[in-house]
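Position 25 of the sequence shown, counted from 1, bears residue number 25 in UniProt numbering, the numbering being contiguous throughout. Ideal Cβ positions, reconstructed from N, Cα and C, are used throughout, including at glycine. These figures come from a predicted structure and were not determined experimentally. Here's the structure, in structure tokens; my notes come after.
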Amino acid sequence: MNIHPVAFDHPDAVKLNDQVQAEYARRYGDGGDVTPLDPKMFAPPSGLYLVAYDTRDRPVATGGWRTQDENDEGYSDGDAELKRMYVVDEARGNGLARRILAALEDDARAAGRVRMVLETGDKQPEAIALYTSSGYEPCPKFGHYRFHENSRCFAKRL
1 MNIHPVAFDH PDAVKLNDQV QAEYARRYGD GGDVTPLDPK MFAPPSGLYL
51 VAYDTRDRPV ATGGWRTQDE NDEGYSDGDA ELKRMYVVDE ARGNGLARRI
101 LAALEDDARA AGRVRMVLET GDKQPEAIAL YTSSGYEPCP KFGHYRFHEN
151 SRCFAKRL
């Protein structure tokens, strides 16, 4: 697998984002994640967006981080927020999400961020297992879904 930085609006990133949105909609019975996102949020040095490609150069996984600082949605100064972690079904179980997560953490740390935060949902046990096994701990809720019952927030010092 090859992992490359791309813009959030790159066609491969858009394709995978559409797939993860369909996954959210299937699991939660809604329209997917409606957190406002702009491609500029993931532009270095304020963020990074990665796409992984298989040996046939097909996009199979994605993830990004964006800068967050203290605001009325519960973020703290120095936060890097993880967004759109996703691996297509046929590429799951190969450690790809863990590789992307590590690369995003390294990049956020190099950019001076001190804590990686993420929001997921209770109907994504695989995601929760990945994050907790990677050193993430539950934290007070933040972000767009901070008042939703299904929301689960996690944080890790970088």
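Q) Where are the alpha helix (DSSP H) runs, 4 residues long or more, that stay fully inside the UniProt domain "N-acetyltransferase" (1 to 158), in chain order? A) 11 to 28, 96 to 110 and 125 to 133
Q) Is residue 116 closer than 9 Å to residue 82 when the C-beta atoms are compared? A) Locating residue 82 in the sequence shown gives position 82, where the first residue counts as 1. Locating residue 116 in the sequence shown gives position 116, where the first residue counts as 1. Result yes, Cβ atoms of residue 82 and residue 116 sit closer than 9 Å.
**Q.** Residues near residue 159 by beta carbon distance below 7 Å, same chain, minus five either side
**A.** Lying outside 1 to 158, the shown extent of the chain, residue 159 is not represented and no answer is given.
Q. How would you label residue 71, buried or exposed, when you count the other beta carbons within 10 angstroms and need 16 or more for buried?
A. Counting from one through the sequence shown, the residue named residue 71 turns up at place 71. So residue 71 ends up on the exposed side.
Q. Hey, is residue 60 close to the ligand COA, as in C-beta under 8 Å from one of its heavy atoms?
A. Inclusion of the ligand COA in the displayed structure is not the case, the ligand content being empty and no account of it being possible.
(Q) Residues in the same chain with beta-carbon distance under 8 Å from residue 34, minus the five sequence neighbours each way, listed in chain order, please. (A) Here residue 34 is taken as the residue at index 34 of the sequence shown, counted from 1. Cβ neighbours of residue 34 beyond the five flanking positions: 144.
Q | Cβ pair residue 158, residue 99 closer than 9 Å | A | As a working mapping, residue 158 is identified with position 158 in the sequence shown. As a working mapping, residue 99 is identified with position 99 in the sequence shown. Not closer than 9 Å, so no.
Q. With distances taken between CB atoms, is the gap from residue 52 to residue 22 smaller than 9 Å?
A. Start at 1 with the first residue of the sequence shown, and residue 52 comes out as number 52. Start at 1 with the first residue of the sequence shown, and residue 22 comes out as number 22. Not in contact: residue 52 and residue 22 (Cβ atoms no closer than 9 Å).
Q: Excluding the 5 residues preceding and the 5 following residue 20 in the sequence, name in chain order all residues of the same chain whose CB lies nearer than 7 Å to its CB.
A: Counted from its first residue, the sequence shown places residue 20 at position 20. The residues are 84 and 86.
Q: Just tell me which of 54, 68 and 106 has its CA closest to the CA of residue 163.
A: With the chain covering only 1 through 158, there is no way to say anything about residue 163.
**Q.** Beta-carbon proximity check, residue 101 vs residue 66, cutoff 9 Å
**A.** For the purposes of this step, residue 101 is taken as residue 101 along the sequence shown, with counting starting at 1. For the purposes of this step, residue 66 is taken as residue 66 along the sequence shown, with counting starting at 1. Result no, Cβ atoms of residue 101 and residue 66 do not sit closer than 9 Å.
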